[in-house]
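Peer 1: Here you go, one structure.
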Amino acid sequence: MGFRPRISHIILILVLVLTIELRLFYSFQTPYYSTDKSYYTIREIDSITNTGIPLLEDPLKDENTFIVNPPLFYYFIAGISYLIPIGLAGKIISATLGSSLVLIVFLVAKQLTGSESAALFSSILTAFMPILFVKSALNTTTPHSLALPALFFVMYCFTKIKLDIYLYLYLAILVLLPFIHASAIILIPVYLLYMLLVKMEKIRQPRAELELILFSSLFIIWVIILFYKNAFFLYGPAIIWQNIPSFVYNNFFADTNILKATYNIGMVPVIFGIIVIYKSIFVEKNTKIYLFISLVLVTSILLYLRLIALEIGLMYLGVTLAILAARLYDGIFRYIEKTSFARFYAIPFILILMIIGITSIMPSLSYAKNTVDNSIDHDTMISLMWMKDNLKNNSIVLGLPEEGNLITAIAKKKILLDTNYLLIDNIDEIVEDIQTIYTTHYETEAIELLTKYNIDYIFFSPYAKNILKIERLEYVNDKRCFELVYDSVIQIYESKCII
Amino acid sequence: MEPIHARKISKKRKIQKIGYFMGLMFLALMVICSVHLLRWHKAGSILIGDESYLQMDITKDIDAKDLLVPSSYGRWQINPYNLLLDAFSKVTSDAFASRMLPLVFGLMSLFFAYIVLRKCRFTETTLFFILVVLIISPPFIYTFSTSNIFSMLIFLNILVIYLVSKTNTFWQYLAIPIGILIFCFGWLSTITTILFLLIFTYMKQKERGTLFLIIFIALLSLGYVLSPYNTSNQHANTEDRDVSGIFKNLVSDLGSPFGFGIFDLLLLFVGIIVTWKMRSRYFPIYILLLILFFLALGASYEINIYIYIISAIFIGIGFISIINMDWNLKLVGELTIFIIACGLVFSSLAYVNRITESDPSKEMYEALSFLKGQEPGTVLSHQSIGIWIESIGGKNALTTSVPSKNRLAMQNALDDSAKIFASRDIEVVLSLMRKHDIKYLFIDSKMKNGLVWSREEEEGMLFLLRNSEIFKDIFKNNKVEIYKINDI
Numbered sequence: 075m076g077f078r079p080r081i082s083h084i085i086l087i088l089v090l091v092l093t094i095e096l097r098l099f100y101s102f103q104t105p106y107y108s109t110d111k112s113y114y115t116i117r118e119i120d121s122i123t124n125t126g127i128p129l130l131e132d133p134l135k136d137e138n139t140f141i142v143n144p145p146l147f148y149y150f151i152a153g154i155s156y157l158i159p160i161g162l163a164g165k166i167i168s169a170t171l172g173s174s175l176v177l178i179v180f181l182v183a184k185q186l187t188g189s190e191s192a193a194l195f196s197s198i199l200t201a202f203m204p205i206l207f208v209k210s211a212l213n214t215t216t217p218h219s220l221a222l223p224a225l226f227f228v229m230y231c232f233t234k235i236k237l238d239i240y241l242y243l244y245l246a247i248l249v250l251l252p253f254i255h256a257s258a259i260i261l262i263p264v265y266l267l268y269m270l271l272v273k274m275e276k277i278r279q280p281r282a283e284l285e286l287i288l289f290s291s292l293f294i295i296w297v298i299i300l301f302y303k304n305a306f307f308l309y310g311p312a313i314i315w316q317n318i319p320s321f322v323y324n325n326f327f328a329d330t331n332i333l334k335a336t337y338n339i340g341m342v343p344v345i346f347g348i349i350v351i352y353k354s355i356f357v358e359k360n361t362k363i364y365l366f367i368s369l370v371l372v373t374s375i376l377l378y379l380r381l382i383a384l385e386i387g388l389m390y391l392g393v394t395l396a397i398l399a400a401r402l403y404d405g406i407f408r409y410i411e412k413t414s415f416a417r418f419y420a421i422p423f424i425l426i427l428m429i430i431g432i433t434s435i436m437p438s439l440s441y442a443k444n445t446v447d448n449s450i451d452h453d454t455m456i457s458l459m460w461m462k463d464n465l466k467n468n469s470i471v472l473g474l475p476e477e478g479n480l481i482t483a484i485a486k487k488k489i490l491l492d493t494n495y496l497l498i499d500n501i502d503e504i505v506e507d508i509q510t511i512y513t514t515h516y517e518t519e520a521i522e523l524l525t526k527y528n529i530d531y532i533f534f535s536p537y538a539k540n541i542l543k544i545e546r547l548e549y550v551n552d553k554r555c556f557e558l559v560y561d562s563v564i565q566i567y568e569s570k571c572i573i
Numbered sequence: 008m009e010p011i012h013a014r015k016i017s018k019k020r021k022i023q024k025i026g027y028f029m030g031l032m033f034l035a036l037m038v039i040c041s042v043h044l045l046r047w048h049k050a051g052s053i054l055i056g057d058e059s060y061l062q063m064d065i066t067k068d069i070d071a072k073d074l075l076v077p078s079s080y081g082r083w084q085i086n087p088y089n090l091l092l093d094a095f096s097k098v099t100s101d102a103f104a105s106r107m108l109p110l111v112f113g114l115m116s117l118f119f120a121y122i123v124l125r126k127c128r129f130t131e132t133t134l135f136f137i138l139v140v141l142i143i144s145p146p147f148i149y150t151f152s153t154s155n156i157f158s159m160l161i162f163l164n165i166l167v168i169y170l171v172s173k174t175n176t177f178w179q180y181l182a183i184p185i186g187i188l189i190f191c192f193g194w195l196s197t198i199t200t201i202l203f204l205l206i207f208t209y210m211k212q213k214e215r216g217t218l219f220l221i222i223f224i225a226l227l228s229l230g231y232v233l234s235p236y237n238t239s240n241q242h243a244n245t246e247d248r249d250v251s252g253i254f255k256n257l258v259s260d261l262g263s264p265f266g267f268g269i270f271d272l273l274l275l276f277v278g279i280i281v282t283w284k285m286r287s288r289y290f291p292i293y294i295l296l297l298i299l300f301f302l303a304l305g306a307s308y309e310i311n312i313y314i315y316i317i318s319a320i321f322i323g324i325g326f327i328s329i330i331n332m333d334w335n336l337k338l339v340g341e342l343t344i345f346i347i348a349c350g351l352v353f354s355s356l357a358y359v360n361r362i363t364e365s366d367p368s369k370e371m372y373e374a375l376s377f378l379k380g381q382e383p384g385t386v387l388s389h390q391s392i393g394i395w396i397e398s399i400g401g402k403n404a405l406t407t408s409v410p411s412k413n414r415l416a417m418q419n420a421l422d423d424s425a426k427i428f429a430s431r432d433i434e435v436v437l438s439l440m441r442k443h444d445i446k447y448l449f450i451d452s453k454m455k456n457g458l459v460w461s462r463e464e465e466e467g468m469l470f471l472l473r474n475s476e477i478f479k480d481i482f483k484n485n486k487v488e489i490y491k492i493n494d495i
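If you read the sequences in order, they're chains A and B.
Residues 75 to 573 (my numbering) are what the first sequence spells out, left to right.
Residues 8 to 495 (my numbering) are what the second sequence spells out, left to right.
Here's what the structure looks like:
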């Protein structure tokens, strides 16, 4: 008797492989990464391969800038980079890890519905969710590509802790989770809300679950305090806002609304997921999915209060809604089977597939192409390499924070600010000053600020032009004070005067 | 006659009790000594913090002048701790006395706390955990490893409760002179002692009148703390009085000089839930905790040690409840207990590391010693450095962190020093310096890194320091710069 894989398993593998292949296809359209954070990852990996430890202090920023980042993901990629080059390792591993969410969603959805076809439905929704397809693992290498699957796997194991193997798996992954990314802390409010929902239904919660929740919460809190001790000292409870500059914080959500969020997640997961949540809480009282409903509610609240980055929040929200959508899918087809329209079940199936195609698959591919087209281009790389070879080692370069990691990773030059905002004093003032330097019309004001931060060079990129809505720097005509040392798509000016 | 096996059991229990007690004393000794040893390794014989030097300075005043003559801070309150420290210092050195006296008080406090808590009918194991939690707590470590009045105050409080709990009236009457000693430490200490006593009395006799008296005194003290007449915390940052500021003051992991660890708070919460079933027994202690938390609003860090002593009971109960829980998942139970223990221990270790690295550092001490050899004159610096300037540097500091009876003068000095630091106008700076007869400028690295100025190189008054005719650079090391103001 041999193993006969079911059709659903075969389709699942096909979806998984297709997701990985598509992500890699787009990723390898360009030799560079699409996100600035990926270059921070490169720096961390460089540090680990050279010294054995991740960056604890950033030598390419202001003095005494300490870094706080859970290192496990960086160690993982660094390990792989001994076998394949870092540039490839990051792309391949991130794409694979991010795509593994397809498998995990299948397992979770099957656990909740008992139906493999419904689970497959959720997997397809997850595989082609626009925000997830691009932001978690397409041409980028960040801890989220590992943190997201790990979190959902932990939650899957939580639903099956009656079996010892899943208990051990839960403990094993949970122990690693806070060392991957601080977003592991989201589990604590999720568990608390889950307990509350169960209590409100006057259902007796299994003792084992309560014990596991207690341990999980204590462990995550302990690890987070260990990592972020200095930040807690500096900010106290205000650490929850992560020292993000007000300007950036306000702009996170400036151009977002429900429609855009729905587009990013996909229409089907949003509508299906919301219907399932409503029915589970108010109509059916289904405790099995309360854990995932809690995740939806917690993420929504965090997004509303702007305590979580928009992209990350939408990713968590999207995956959970996709999981929950399986219940409605299962419900619809079970209902149709019982009716006289049973023989026409293919019609709604095709209809749903078409809607997924239009609202999820096509936007995902379009989003992917757009991301790759807007990734770091060759000219920028050339200019950064030029900076590496031609600028003095201890030069300080001014760039937007979103370009900071790029400049430090490739050009290996000091920058004023990057997107690691934690433990930076007077962050609002620094961000405001950076904007002023780029946008001011007055030479004196620019030189005063450049002197304040000891800046030697200004990195003026098309990205800066686009973000700040400027075409040029208004004051650089004074050749005594500003020399154009590099001129192509990027302009690099040397600041020669001080006040 | 007791049967032999019963005698063996009671002998075994006795040995166990002695073992627990000796273990606790040894642990306390190790914890406090480790602070001193680590400090010695990092900063030599330099004492920790400013309170230690303040007490030493007051002691020197007692030697140099009459008991009630105002000291250089404008504060005249001499208390029994200073007198005892003075007596000790005559036998040994100031520094040794400053270390030994708190240690002795710590061990004696522990001894009497053990006896008092045994009378409260806790099991030996619960008692052991309560006191272990107390010993490794930041407030205990700070109070009994640095020279401060609270080391004696806590001891006296516990001693009074012990004496009152005795059945022999002689010992009860002995509590009166000790209570009078406590009165010499100020109103806050007196109020808390009265509250402790009343609650202890209520728990023994359950008289409603006592309970009403407790609530009345609590409301009175709360009213005083919140009133404008409260001068005990003049330099409290008003931001510290909001919710996040209270968290920062109470939680050592969030920056409090001596507060709770996060796990202490969690276990406190568990302990309160566990004891809620017996709330009629613990009700007065809940009230006391609540009162102390409110008092923490107005009295800065002083109240933390009192809060912690009471909370240690619930923290210990919380911990022992978790250990004794009937865990469904044994592995998870063991891991949870392990994590809690790690959390408590790591919090203490981190605190010990932090406190032994606290100012004055070697570089600061070197600078202050240099300052001592200079001509007399007033020194301008941040108020947090004032006590060291006066004690080690032997100079008068324009501002210190010691609350003064002359609140207006103190506030003027603070306002003027802030103006001086922020100004780039030499005329403004010089006129304010003339007003206060400032001769020296003492700038440390923390002042340049956010305490007074941001990291910008020449912000505010720093810009004016280029003028070497007026601001003569007389001392510089890694962390401190001293400027002498030339004849203005």
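C-beta atoms are modelled at their ideal positions from N, C-alpha and C, and glycine is treated no differently.
All values derive from a computational prediction rather than experimental measurement.
Nearest CA to the CA of Phe321(B): which residue from Thr282(B), Tyr372(B), Ile394(B) and Ser452(B)?
Peer 2: Position 314 of the second sequence holds residue 321(B). Minimum Cα distance to Phe321(B) is reached at Thr282(B).
Peer 1: Under 8 Å Cβ to Cβ from Ile583(A), same chain only, skipping five residues before and after it: list those, please.
Peer 2: Coverage of chain A is limited to positions 75 through 573, which leaves residue 583(A) absent and any answer about it impossible.
Peer 1: Give the list of continuous alpha helix (DSSP H) stretches no shorter than 4 residues that lie fully inside the stretch 399-441 of chain A.
Peer 2: The stretch 399-441 of chain A contains these whole alpha helix (DSSP H) runs: 420-430.
Peer 1: To which residues of the same chain is Tyr567(A) closer than 8 Å at the C-beta, ignoring the five residues directly before and after it?
Peer 2: One-based indexing of the first sequence puts residue 567(A) at position 493. Answer for Tyr567(A): Tyr531, Ile532, Phe534, Leu547, Val550, Phe556, Glu557, Leu558 and Val559, listed in chain order.
Peer 1: When the Cα atoms are used, what is the spatial distance from Asn86(B) to Thr199(B)?
Peer 2: Here residue 86(B) corresponds to residue number 79 of the second sequence, with the count starting at 1. Here residue 199(B) corresponds to residue number 192 of the second sequence, with the count starting at 1. Distance between the alpha carbons of Asn86(B) and Thr199(B) is about 17 Å.
Peer 1: Taking 8 Å as the CB-CB limit, is Gly76(A) close to chain B?
Peer 2: Residue mapping note: residue 76(A) aligns to position 2 of the first sequence, counting from 1. Low confidence applies to Gly76(A): its pLDDT is 41, below 50, so where it sits in the model is not reliable enough to give any reading.
Peer 1: For the beta strand (DSSP E) containing Tyr490(B), name the first residue and the last one.
Peer 2: For the purposes of this step, residue 490(B) is taken as residue 483 along the second sequence, with counting starting at 1. It spans Val487 to Ile492 - the beta strand (DSSP E) in which Tyr490(B) sits, taken as one unbroken run.
Peer 1: My assumption, with CB atoms under 8 Å, is that Val297(A) sits in contact with Pro252(A). Please give the rounded CB distance.
Peer 2: Walking along the first sequence from the start, residue 297(A) turns up at place 223. Walking along the first sequence from the start, residue 252(A) turns up at place 178. Right, their Cβ atoms sit about 4 Å apart.
Peer 1: Going by DSSP in three states, Gln381(B) sits in which element: helix, strand or coil?
Peer 2: Locating residue 381(B) in the second sequence gives position 374, where the first residue counts as 1. In this structure, Gln381(B) counts as coil in the three-state DSSP scheme.
Peer 1: Which residues does DSSP list as the beta-bridge partners of Asn467(A)?
Peer 2: Sequence index remark: in the first sequence, residue 467(A) carries index 393 (1-based). Looking at the DSSP assignment, Asn467(A) forms no beta bridge with any residue, so it has no partner.
Peer 1: Can you list, in chain order, the residues of its chain whose CB lies under 6 Å from that of Thr525(A), leaving out five sequence neighbours each side?
Peer 2: Locating residue 525(A) in the first sequence gives position 451, where the first residue counts as 1. Cβ neighbours of Thr525(A) beyond the five flanking positions: Ile572 and Ile573.
Peer 1: Just to make sure I have the definition right: I need the residues of chain C whose C-beta is within less than 9 Å of the C-beta of Asp260(B). Which are they?
Peer 2: Going by chain labels, chain C is absent from the structure shown, which instead holds the protein chains A and B.
Peer 1: For Leu195(B) and Leu391(A), what's the separation of their Cα atoms in angstroms?
Peer 2: Position 188 of the second sequence, counted from the first residue, corresponds to residue 195(B). Position 317 of the first sequence, counted from the first residue, corresponds to residue 391(A). Using only the alpha carbons, I get a separation of about 52 Å.
Peer 1: Indicate whether at least one CB of chain B lies closer than 8 Å to the CB of Ile295(A).
Peer 2: Counted from its first residue, the first sequence places residue 295(A) at position 221. Yes, because at least one Cβ of chain B sits closer than 8 Å to the Cβ of Ile295(A).
Peer 1: Do the stretch 107-118 of chain B and the stretch 151-162 of chain B make contact, defined as three or more Cβ pairs closer than 8 Å?
Peer 2: Enough Cβ pairs lie closer than 8 Å, so yes.
Peer 1: Is Thr216(A) near the ligand GDP, judged by its Cβ being under 7 Å from some heavy atom?
Peer 2: This structure does not include the ligand GDP; it has no bound ligands of any sort.
Peer 1: Please classify Glu95(A): does DSSP put it in a helix, a strand, or coil?
Peer 2: Residue 95(A) sits at position 21 when you count from the first residue of the first sequence. Here Glu95(A) sits in helix by DSSP.
Peer 1: According to DSSP, is Leu54(B) helix, strand or coil?
Peer 2: Residue numbering aside, residue 54(B) sits at position 47 when the second sequence is read from its first letter. Leu54(B) falls in the coil class under three-state DSSP.
Peer 1: Hey, quick one: how far does the alpha helix (DSSP H) through Ser191(A) stretch, first residue to last?
Peer 2: Numbered from 1 along the first sequence, position 117 holds the residue referred to as residue 191(A). Looking at the DSSP string, the run of the alpha helix (DSSP H) that includes Ser191(A) is Glu190 to Ala201.
Peer 1: Strictly below 7 Å CB to CB, what residues from chain B border Arg281(A)?
Peer 2: To locate residue 281(A), count along the first sequence from 1; it is residue 207. Ordered by position in chain B, the residues that pass the 7 Å Cβ test against Arg281(A) are Asn335.
Peer 1: To which residues of the same chain is Ser287(B) closer than 7 Å at the C-beta, ignoring the five residues directly before and after it?
Peer 2: Numbered from 1 along the second sequence, position 280 holds the residue referred to as residue 287(B). Nothing meets the Cβ criterion.
Peer 1: Measuring CA to CA, which of Met210(B), Gly325(B), Ile148(B) and Leu471(B) is closest to Val38(B)?
Peer 2: Residue 38(B) sits at position 31 when you count from the first residue of the second sequence. Of the candidates Met210(B), Gly325(B), Ile148(B) and Leu471(B), the one whose C-alpha sits nearest the C-alpha of Val38(B) is Ile148(B).
Peer 1: DSSP on Leu558(A), reduced to helix/strand/coil?
Peer 2: One-based indexing of the first sequence puts residue 558(A) at position 484. DSSP places Leu558(A) in strand when its eight states are reduced to three.
Peer 1: Who are the Cβ neighbours of Ile247(A) in its own chain at under 8 Å, not counting the five residues just before and after it?
Peer 2: Along the first sequence, one-based indexing puts residue 247(A) at 173. Within the same chain, Ile247(A) has close Cβ partners Ala224, Phe227, Val228 and Cys231.
Peer 1: Identify whether Asp451(B) lies in helix, strand or coil by the three-state DSSP scheme.
Peer 2: By one-based count along the second sequence, residue 451(B) stands at place 444. Looking at Asp451(B) - three-state DSSP - the assignment turns out to be strand.
Peer 1: Would you identify the three-state DSSP class for Val76(B), choosing helix, strand or coil?
Peer 2: The residue you call residue 76(B) lines up with position 69 of the second sequence. Residue placement at Val76(B) is flagged as unreliable, the pLDDT there being 48, under the threshold of 50; a coordinate-derived value is accordingly withheld.
Peer 1: Kindly indicate if chain B contains any beta-carbon less than 8 Å away from that of Asn213(A).
Peer 2: Taking the first sequence and counting its residues from 1, the one referred to as residue 213(A) is at position 139. Not an interface residue.
Peer 1: Under three-state DSSP, which class holds Phe534(A)?
Peer 2: Looking up residue 534(A) in the first sequence gives position 460. Three-state result, Phe534(A): strand.
Peer 1: Can you give, in chain order, each stretch of the alpha helix (DSSP H) that sits fully within the stretch 119-181 of chain A and has at least 4 residues?
Peer 2: With a minimum length of 4 residues, the continuous alpha helix (DSSP H) runs that stay inside the stretch 119-181 of chain A are 146-154 and 160-173.
Peer 1: Compile a chain-ordered list of the residues in the stretch 494-521 of chain A whose CB is closer than 7 Å to at least one CB of chain B.
Peer 2: If the cut-off is 7 Å between Cβ atoms, the stretch 494-521 of chain A has Asp499 and Asn500 near chain B.
Peer 1: Give the secondary structure of Ile399(B) by DSSP, where H, G and I count as helix, E and B as strand, and everything else as coil.
Peer 2: Stepping through the second sequence from its first residue, residue 399(B) is reached at position 392. Residue state, collapsed to three classes: coil.
Peer 1: Please check if any C-beta of chain A sits within less than 8 Å of the C-beta of Ala348(B).
Peer 2: Locating residue 348(B) in the second sequence gives position 341, where the first residue counts as 1. It does not; no Cβ of chain A falls within 8 Å.
Peer 1: Within the 8 Å Cβ cut-off, does Thr343(B) reach chain A?
Peer 2: Locating residue 343(B) in the second sequence gives position 336, counting from the first residue. Yes, because at least one Cβ of chain A sits closer than 8 Å to the Cβ of Thr343(B).
Peer 1: Alpha carbon to alpha carbon, how far is Ser354(B) from Ile294(B)? Give it in angstroms, no decimals.
Peer 2: Taking the first residue of the second sequence as position 1, residue 294(B) is located at position 287. Taking the first residue of the second sequence as position 1, residue 354(B) is located at position 347. Distance between the alpha carbons of Ile294(B) and Ser354(B): 27 Å.
Peer 1: Counting C-beta neighbours from all protein chains within 10 Å, is the total for Arg117(A) 16 or more, i.e. buried, or is it exposed?
Peer 2: Position 43 of the first sequence, counting from 1, holds the residue named residue 117(A). Buried, by the Cβ-count rule.
Peer 1: Using 10 angstroms around the beta-carbon of Asp68(B), count the other beta-carbons present and answer buried if the total reaches 16, otherwise exposed.
Peer 2: On the second sequence, residue 68(B) is found 61 positions in, with the first residue counted as 1. When all chains shown are included, Asp68(B) counts as buried.
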